[in-house]
Amino acid sequence: MNVKERYESAKEIYAAIGVDTDKAVETLENIAISMHCWQGDDVTGFDQKGPLTGGIQTTGNYPGKARTPEELMADIDKVFSLVPGKHKLNLHASYAIFEDGEFADRDKIEPKHFKKWVDFAKEKGIGLDFNPTFFSHSKVVDGLTLSSPIDEVRNFWIEHGKACIRISQYFAEELGIPCAMNIWIPDGYKDIPADRLGPRARFKDSLDQILSIPYDKSKVLVCLESKVFGIGLESYTVGSSEFTVNYAANNGIISLMDNGHYHPTEMVSDKISSMLLFNDKIALHVTRPVRWDSDHVVLFDDETREIAKEIVRNDAIDRVLLALDFFDASINRISAWTVGMRNMQKALLYALVSPNKRFKELQDTNQFTELMAMQEEMKTYPFGDVWDYFCEKNNVPVKGDWFREVMKYEEEVLSKRA
Ligand code: RNT
Ligand code: ZN
């Protein structure tokens with residue numbers, strides 16, 4: 001049986017439990033995931049030569065990492081050719097492109113330093129998202145940025161934040177697609193602080209100042225990402241969950257939850273419903289924490305599926321800004337990206353072909369025996385046939401065929417990068 005025939009058979013099997021697979025496929029086609037540019041070069045960026053700092057880390061030295069904007073764009077292009085549907089590209093400020101010896105520090109970057117990215121996005125017909133880069137820079141003093149007690153340091157980063165809002169609005173205006181701009185700062189302390197309030201008060205004031213510049217809120221969707229700890233910042237982080245959720249709620253911006261940023265048994269999938277009840281929009285960084293915020297590649301695993309279910313069955317597809325955030329330098333980076341993107345889509349499709357209404361009814365009528373039985377049965381439904389059809393319909397390789405393309409690209413392109 002070919003892909004289409006297998007799909008037709010699967011469609012009948014799903015229809016028998018009231019699931020419309022055609023509709024699921026169509027819905028998935030319209031979900032754009034924001035793909036992070038930083039998987040391609042281990043979060044290095046182009047604006048400075050120093051190491052990755054900020055309590056995050058890439059490990060591994062698989063050959064072939066992108067060294068220039070051209071290489072990174074080519075790699076992203078390759079990934080997009082292997083991932084079904086149309087998505088967004090998520091940039092960091094550190095990926096500014098300077099030409100002819102020109103340089104602007106983070107407090108002085110302008111839209112023109114991202115023109116090449118805009119041209120790239122226009123060519124692909126995709127939107128851009130953005131992130132100020134509050135790490136990997138000499139102005140991060142004693143591990144602090146927007147919460148620094150040193151005025152000069154704090155002001156530098158406030159100017160950076162403002163510059164990034166202007167760049168985000170430029171993206172939105174050029175591309176006609178709103179730009180999500182996510183603020184995450186690494187600020188924190190390795191050991192028990194003597195003052196927990198002061199840094200948070202300074203962070204709050206810094207955010208107020210950044211957001212005080214005029215900008216179009218329908219074009220720039222400012223998000224704020226929390227974190228529980230970082231490497232070398234084990235005892236205290238300024239931008240904790242309580243801080244960011246409260247700040248966002250009180251200032252009309254969007255809370256961003258990264259599922260690597262909580263205690264290991266705390267699940268983002270369980271937080272989504274509460275956040276949806278009190279917010280028009282929420283944002284996510286989907287990643288895979290292994291024992292800590294290790295940013296492993298997103299798999300088709302329980303938590304990814306559970307996150308997808310919460311988005312789909314709560315009718316929140318249009319209210320959740322969905323982005324990926326991982327960086328694995330130990331494997332082929334094109335493959336890492338492709339696996340993560342396709343898995344996020346698989347998780348969404350899996351949720352879309354679940355009889356969600358029926359399951360809710362079972363819960364509300366206390367039929368937990370049947371609920372468990374049915375949910376387990378779903379796991380061996382012909383989901384793969386629907387996924388394969390989705391890939392074929394969207395003109396990307398079916399099953400593992402994409403991997404051959406990656407190997408060919410490795411041989412022809414990546415292996416030539418000395
Ligand atoms: C760090 C945060 C943040 C970064 C990226 C590079 O823990 O998750 O989102 O990973 O901005
Ligand atoms: Zn993140």
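Quick note on numbering: full-length UniProt numbering labels position 343 of the sequence shown as 343, and the sequence is numbered without any gaps.
All C-beta atoms, glycine included, are put in the ideal place defined by N, C-alpha and C.
Every value quoted in this text rests on a predicted model; they were computed, and no experiment measured them.
Give the residues whose C-beta lies closer than 5 Å to at least one heavy atom of the ligand ZN, in chain order. Residues flagged by the Cβ proximity filter: Asp258, His285, Asp325.
Let me check you understand the geometry: is the CB of Ile56 closer than 6 Å to at least one non-hydrogen atom of the ligand RNT? In the sequence shown, counting from the first residue as 1, residue 56 sits at position 56. In this structure, Ile56 has its beta carbon less than 6 Å from a heavy atom of the ligand RNT.
Classify Lys357: buried if its beta carbon has 16 or more other beta carbons within 10 angstroms, exposed otherwise. Within the sequence shown, residue 357 is the residue found at index 357, counting from 1. Lys357 is classed as exposed because its beta carbon has fewer than 16 other beta carbons within 10 Å across all chains shown.
For Asp100, the three-state DSSP class (helix, strand or coil): Taking the sequence shown and counting its residues from 1, the one referred to as residue 100 is at position 100. Secondary structure at Asp100: coil, using DSSP grouped into helix, strand and coil.
With H, G and I counted as helix, E and B as strand and the rest as coil, what does DSSP make of Phe120? As a working mapping, residue 120 is identified with position 120 in the sequence shown. In this structure, Phe120 counts as helix in the three-state DSSP scheme.
Excluding five sequence neighbours on each side, which residues of the same chain lie with their C-beta closer than 6 Å to the C-beta of Thr133? Here the question's residue 133 lines up with position 133 in the sequence shown. The residues are His92, Ala93, Ser94.
Could you pull out every unbroken beta strand (DSSP E) segment of at least 3 residues lying fully inside the segment 306 to 357, listed in chain order? Counting only runs of 3 or more, we get 320 to 324.
In the structure shown, what three-state DSSP assignment does Pro193 receive? Residue mapping note: residue 193 aligns to position 193 of the sequence shown, counting from 1. Correct three-state label for Pro193: coil.
Taking 6 Å as the cut-off, is the beta-carbon of Trp292 closer than that to any non-hydrogen atom of the ligand RNT? By 1-based counting over the sequence shown, the position of residue 292 is 292. Not so, every heavy atom of the ligand RNT lies at least 6 Å from the Cβ.
Could you check whether the Cβ of Trp38 sits closer than 6 Å to any heavy atom belonging to the ligand RNT? Here the question's residue 38 lines up with position 38 in the sequence shown. Here the distance from the Cβ of Trp38 to the nearest heavy atom of the ligand RNT is below 6 Å.
Could you tell me whether any non-hydrogen atom of the ligand RNT is closer than 6 Å to the CB of Trp387? Position 387 of the sequence shown, counting from 1, holds the residue named residue 387. Taking non-hydrogen atoms of the ligand RNT into account, the C-beta of Trp387 is found less than 6 Å away from none of them.
Helix, strand or coil: how does DSSP classify Glu225 here? Start at 1 with the first residue of the sequence shown, and residue 225 comes out as number 225. In the structure shown, Glu225 sits in a strand (DSSP, three-state: E or B).
Please list, in chain order, all residues of the same chain as Val297 whose beta carbon is under 6 Å from its beta carbon, the five residues on each side excluded. For the purposes of this step, residue 297 is taken as the residue at position 297 of the sequence shown. These residues qualify, in order along the chain: Phe326, Asp328, Ala336, Val339, Gly340.
Within the chosen definition, does the segment 365 to 374 reach the segment 36 to 51 through at least 3 CB pairs nearer than 8 Å? The segment 365 to 374 is not in contact with the segment 36 to 51.
Rounded straight-line distance, which links the Cα of Asp47 to that of Phe98: Taking the first residue of the sequence shown as 1, we reach residue 98 at position 98. Taking the first residue of the sequence shown as 1, we reach residue 47 at position 47. If I take the Cα positions, the gap works out to 8 Å.
Check whether the Cβ atoms of Leu349 and Trp387 lie closer than 7 Å to each other. Within the sequence shown, numbered from 1, the residue matching residue 349 stands at position 349. Within the sequence shown, numbered from 1, the residue matching residue 387 stands at position 387. The answer is yes: Cβ separation under 7 Å.
When the Cβ atoms of the segment 225 to 244 are set against those of the segment 72 to 85, are three or more pairs found closer than 8 Å? No, the segment 225 to 244 does not touch the segment 72 to 85.
Counting only the same chain and skipping the five closest in sequence on each side, list residues whose C-beta sits under 6 Å from that of Arg319. By 1-based counting over the sequence shown, the position of residue 319 is 319. Excluding sequence neighbours, Arg319 sits near Lys281.
Selection from Asp293, Leu233, Leu352, Lys124 that minimises the alpha carbon distance to Asn314: Position 314 of the sequence shown, counted from the start, is the residue given in the question as residue 314. Asn314 has its Cα closest to that of Leu352, out of Asp293, Leu233, Leu352, Lys124.
Opening and closing residue of the beta strand (DSSP E) in which Gly127 lies: The count along the sequence shown starts at 1 and reaches residue 127 at position 127. For Gly127, the uninterrupted beta strand (DSSP E) run begins and ends at 127 to 131, by DSSP.
Using three-state DSSP, classify Val286 as helix, strand or coil. As a working mapping, residue 286 is identified with position 286 in the sequence shown. Three-state DSSP puts Val286 in a strand.
Give me, in chain order, the residues of the same chain whose beta-carbon lies closer than 7 Å to that of His36; leave out the 5 immediate sequence neighbours on both sides. Counted from its first residue, the sequence shown places residue 36 at position 36. Hits under 7 Å: Asn90, Ala323, Leu324, Asp325.
Any heavy atom of the ligand RNT inside 6 Å of the beta-carbon of Trp337? Against the sequence shown, residue 337 aligns to sequence position 337. Outside the cutoff, so no.
Secondary structure at Thr244, three-state DSSP: helix, strand or coil? Numbered from its first residue, the sequence shown carries residue 244 at position 244. Under the three-state reduction of DSSP, Thr244 is assigned to helix.
Tell me whether Trp184 counts as near the ligand RNT, meaning its Cβ is closer than 6 Å to at least one heavy atom of that ligand. The residue labelled residue 184 in the question sits at position 184 within the sequence shown. Trp184 Cβ: within cutoff of the ligand RNT.
Can you check DSSP and say which residues form a bridge with Thr237? The count along the sequence shown starts at 1 and reaches residue 237 at position 237. Paired residue(s): Gly188.
Cα-Cα separation, Tyr236 to Val228: Numbered from its first residue, the sequence shown carries residue 236 at position 236. Numbered from its first residue, the sequence shown carries residue 228 at position 228. Answer to the nearest angstrom: the Cα atoms are 8 Å apart.
Residue range of the beta strand (DSSP E) that Ala24 falls in? Counting from 1 along the sequence shown, the entry for residue 24 is found at position 24. Judged by DSSP secondary structure, Ala24 falls outside any beta strand (DSSP E) and instead within the alpha helix (DSSP H) spanning 21 to 29.
Taking a contact to mean a Cβ-Cβ separation below 7 Å, would you say residue 478 touches Phe171 in this structure? In the structure as shown, the chain begins at 1 and stops at 418. Residue 478 is therefore absent and cannot be evaluated.
Compute the minimum distance between the beta carbon of Asn90 and the heavy atoms of the ligand RNT, and state whether it is under 6 Å. Residue mapping note: residue 90 aligns to position 90 of the sequence shown, counting from 1. No - the ligand RNT has no heavy atom lying nearer than 6 Å to the Cβ of Asn90.
For Tyr7 versus Asp301, is the C-beta spacing smaller than 7 Å? Counted from its first residue, the sequence shown places residue 7 at position 7. Counted from its first residue, the sequence shown places residue 301 at position 301. Their beta carbons are not under 7 Å apart, which means Tyr7 does not touch Asp301 by this criterion.
Taking its Cβ as the centre, do 16 or more other Cβ atoms sit within 10 Å of Met344, making it buried, or is it exposed? Here residue 344 refers to the residue found at position 344 when the sequence shown is read from its first residue. By the neighbour-count criterion, in which 16 or more other beta carbons inside 10 Å mark a residue as buried, Met344 falls on the buried side.
DSSP-derived helix/strand/coil call for His113: As a first step, residue 113 must be located in the sequence shown, where it is residue number 113. Residue state, collapsed to three classes: helix.
The segment 205 to 221 / the segment 157 to 166 touching (three or more Cβ pairs under 8 Å): The segment 205 to 221 and the segment 157 to 166 touch, with no fewer than 3 CB-CB distances between them shorter than 8 Å.
Terminal residues of the beta strand (DSSP E) in which Ser218 lies: Taking the first residue of the sequence shown as 1, we reach residue 218 at position 218. Looking at the DSSP string, Ser218 is not in any beta strand (DSSP E), and its letter there is neither H nor E.
Which runs of the alpha helix (DSSP H) fall wholly inside the segment 30 to 95 and span at least 4 residues, in chain order? Entirely contained in the segment 30 to 95, the alpha helix (DSSP H) runs reaching 4 residues are, in chain order, 69 to 82.
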